[in-house]
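Enquirer: Chains as they are written, first to last, in my numbering: chain A, 158 to 596; chain B, 158 to 596. All C-beta atoms in this analysis are idealised placements derived from N, C-alpha and C, irrespective of residue type, glycine included.
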């Protein structure tokens, strides 16, 4: 068994390449390899095409140490992985007596005879070996092409997961001393280029320089910029810890979560952090939403246990609902309009009373596609944070994108105002906030 | 421009290859190519590694007619697509004056100067052209390597989707005479196996038989079962039309939208259909949400123009908010509990008055992971629909899955009750509704 420094992952099947099915197996396998110190360097998805699969096996066998191939091990005519592996190895297919007995036994255990069709699943290249499938009829395959180890695994996750974890992972051989560690820090309130500028200005040098170790990269998604670290070498934990501390020093209050691996989905991690901070401060929260129509409440309510912080909210699309339930004076609506600093503040302060909470966030804006004007174009959003006994914080944001994007940015920006307030930096300017106004 | 018979899709970024982020762009692009009669034959995911990207551009340019590459167009040092494309083309990078002006204007529109870092986004290979990004700072790139057309597209979906649909799709040239027609019918309220049984029992024979044309498949997602048709041959439109009519006959009220291609994302198409039906019936809608905490209002408010139907709502997590704002009598909460038919009905009827609407939907349930009991396990959800002058319709549902799944199913089930009511079949039993109760 050679050492496995690098790996490639093949997922096989028309339904994936034609876009009918989302491939989630490759991500799962990549995470499992990373945990073990093996570096995935390529994912490939191929159709039910034997020639393409043979060419890909041979190409990858020349560039990586380990190939994981999922799918194409079923009993039907479009399942071509067995034949392609044999061709890539220049080997005949032979029937594996033990694998056949296991398939027959699998059916017997379910009170059925094995359909003739399934007999092909016991075939393997002569120089390969079968891997028993305890959760289905398709055995896996273990083989070698050139200097690369190849494992073929059935595609259904409930067969793939246990076969990989119990039967293949023990055979994975990362080089001794190669320790790969990954860490992610999620930030909010800054743009990706602002984050990169901060990282470039570190007293340790440009943290994102491609040659540096740990490798540092950034990914932006819906207002969250995630800083990803990857370290290898003798003492990756220390290398990671040093950079994590420096990133936190550079980013300060804008880092809301961090941890090993992906540190959770950034969109879920942020409401979780906000609810956690509110709980720590023993605060209670209400929301009053116009253009987001419940999205902020929904994001917060997605967090398990949110109900001890989030008391409730008002969705105030119609102006008469703003007046009747949130107590926004008709005179304010008349004088300043529904999308204004004054209305946002009145919504938040009205929600504070109506919902009997310590903190209330209010959002009013133009989500589009219609409803924009010269002085209030689509994307104009006013957000207010009212806190018992403090002046209300009201800010204008200019959001970009379509209706859905504008609504999501608005909800996350409201949470960001609350987050920075709780972190003791209530006045810090935030992304997409060109014109801060303090009421 | 050559004919585009075959295509390959590259997704670029460490976060994908290392398993930190799930690649959903490649599936989306593959679907869009299929709709246009171009056959995707390979997806590849690569790390932030210029040499790997160059080698892959060159390899694929020798095997396919069209290459779509997503990601790696950001402003930071780990964004290597521009440089890799130039190297694969043997071309220098040059600054595109028009692209630079567009990036500067993009920032100006948001009241900020362009950070110096973003200037690199205006670079393109000398023989390539830039594609304006109307939703972000990263221009796309159009180029040719050998006989293959190459389009590089920013990775964030809100930038990728409009750039592909509006600026790249018009340049895609499928071979003439390749007639692929696809059509999708979205259904709600039935399970996938119920839909398959209906399709198998057609007077035209089993519509899902694999050899039949058009090919008929089903996909289930969050309560929506989509029936997908794909026809090729001399007269695919007539073949599609015949099956569409038969599916509608078989499914009746449960079909809520249909159209060519994917007929929109099913999760977005359903609220759009509900808002449209409410508008047709000149009704106004309110929502009162406990366990979904705004998700129903948010789904409805995602529909452009929803504000002429959706007047507002109440998020009533805390019992005191149910009483104070939705008028749920304390005696009802005390006698039956917050998760009960009586509380759901009182919430809907209270919302009808407080929000001054013709129809109100109310949801109360146990979304988990905590809070379940023997008689009200996690997944128990009561939904009520109150309509002025009619008896309130209250139903119990047993939802499955995690907190997020339960909340999404609950919101869609509430809309399904309203949809079937508006379609003139208010009593029809719905999926996951084991115990219909009429108050």
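1. The alpha helix (DSSP H) that contains residue 437(A), what's its start and end?
2. Quick check: the Cα distance between residue 503(A) and residue 509(B), rounded to an integer number of angstroms?
3. When you compare each of 401(A), 338(A) and 333(A) to residue 364(A) by their alpha carbons, which one comes out closest?
4. For residue 179(A), decide whether its Cβ has a neighbour in chain B, counting only Cβ atoms nearer than 9 Å.
5. For the region 468-480 of chain A, list every residue whose C-beta sits within 9 Å of some C-beta in chain B, in sequence order.
6. Could you say which of 571(B), 188(B), 449(B) and 554(B) lies nearest to residue 427(B) if we only look at CA atoms?
7. Suppose contacts are defined by Cβ-Cβ distances below 9 Å. Is residue 543(B) in contact with residue 506(B) by that definition?
8. Note down, in chain order, all residues in the region 278-296 of chain B with a beta-carbon under 7 Å from any beta-carbon belonging to chain A.
9. Relative to the C-alpha of residue 417(A), which candidate in 431(A), 328(A), 405(A) and 340(A) has its C-alpha closest?
10. To the nearest angstrom, report how far apart residue 192(A) and residue 553(B) are at their CA atoms.
11. List in chain order: all unbroken beta strand (DSSP E) runs of 3+ residues lying wholly within the region 527-584 of chain A.
12. Can you tell me where the alpha helix (DSSP H) holding residue 299(B) begins and where it ends?
13. Are the CB atoms of residue 205(A) and residue 237(A) nearer to each other than 9 Å?
14. Whole angstroms are fine: how far does the CA of residue 433(B) sit from the CA of residue 592(B)?
15. When you compare the region 510-521 of chain A with the region 444-451 of chain A, are there three or more beta-carbon pairs, one atom per stretch, that lie closer than 8 Å?
16. Sorted by chain position, which residues of the same chain lie with C-beta nearer than 6 Å to residue 538(B)'s C-beta, five sequence neighbours on each side aside?
17. Residue 370(B): which of 381(B), 386(B) and 464(B) sits nearest, CA to CA?
18. Is DSSP giving residue 469(B) helix, strand or coil here?
19. Taking any Cβ of chain E, which residues in the region 187-208 of chain A have a Cβ under 7 Å from it, in chain order?
20. Pick helix, strand or coil for residue 617(A), following the three-state DSSP scheme.
21. Short of 7 Å in beta carbon distance, which residues of its chain neighbour residue 245(B), apart from the five on each side in sequence? Order them along the chain.
22. Can you give the beta carbon distance from residue 449(B) to residue 514(B), rounded, assuming they're within the 8 Å contact cut?
23. Just by C-beta distance, which residues in the region 498-513 of chain A are closer than 8 Å to chain B?
24. By the 10 Å Cβ neighbour count, where 16 or more other Cβ atoms means buried, how is residue 395(A) classified, buried or exposed?
25. I want to know whether the region 371-384 of chain B touches the region 342-355 of chain B - three or more CB-CB distances under 8 Å.
26. According to DSSP, is residue 282(A) helix, strand or coil?
27. Grouping DSSP H, G and I as helix and E and B as strand, with all else coil, what is residue 485(B)?
28. Residues of chain A with a CB under 8 Å from the CB of residue 233(B): which are they?
29. Run down chain A in chain order and give the residues with a C-beta less than 7 Å from the C-beta of residue 184(B).
30. Taking buried to mean at least 16 other C-beta atoms within 10 Å of its own C-beta, is residue 492(B) buried or exposed?
31. Within 9 Å of any Cβ in chain A, is that where the Cβ of residue 360(B) sits?
32. Starting from residue 165(B), trace the beta strand (DSSP E) in both directions and tell me its first and last residue.
33. If you measure between the beta carbons of residue 217(B) and residue 329(B), is that distance less than 9 Å?
34. Assuming residue 490(A) contacts residue 479(A) under a Cβ cut-off of 8 Å, what Cβ separation, rounded to an integer in Å, is found between them?
35. Buried or exposed for residue 594(B), going by 16 or more other Cβ atoms inside 10 Å?
36. Please report how far the alpha carbon of residue 182(B) lies from the alpha carbon of residue 227(B), in whole angstroms.
Expert: Here's the rundown:
1. 423-437
2. 24 Å
3. The residue with the shortest Cα to Cα distance from residue 364(A) is 401(A).
4. yes
5. Listed in sequence order: 468, 469, 470, 471, 472, 473, 474, 475, 477, 478 and 479.
6. 571(B)
7. yes
8. 292
9. 340(A)
10. 44 Å
11. 537-544 and 550-555
12. Per DSSP, residue 299(B) belongs to no alpha helix (DSSP H); it is in the beta strand (DSSP E), 297-302.
13. Cβ atoms of residue 205(A) and residue 237(A): closer than 9 Å.
14. Reliability of the predicted coordinates at residue 592(B) is poor, the pLDDT of 49 falling under 50, and no value is obtained from them.
15. yes
16. 522, 554, 556 and 567
17. 386(B)
18. Here residue 469(B) sits in strand by DSSP.
19. Included in the structure are the protein chains A and B, with no chain E among them.
20. For chain A, the structure presents residues 158 to 596; residue 617(A) sits outside this window and is missing.
21. So the list reads 211, 214, 215 and 302, once near-sequence residues are dropped.
22. With a contact defined as Cβ atoms closer than 8 Å, residue 449(B) and residue 514(B) miss out at about 18 Å.
23. 511, 512 and 513
24. Around the beta carbon of residue 395(A), fewer than 16 other beta carbons sit within 10 angstroms, so the residue counts as exposed.
25. The region 371-384 of chain B vs the region 342-355 of chain B: in contact.
26. Residue 282(A) falls in the strand class under three-state DSSP.
27. coil
28. 349, 350, 353, 365, 374 and 375
29. 176 and 179
30. Exposed: under 16 other Cβ atoms inside 10 Å.
31. no
32. 163-169
33. no
34. 7 Å
35. Confidence in residue 594(B) is poor, its pLDDT being 45 and thus under 50, which makes the residue's placement too unreliable to answer from.
36. 8 Å
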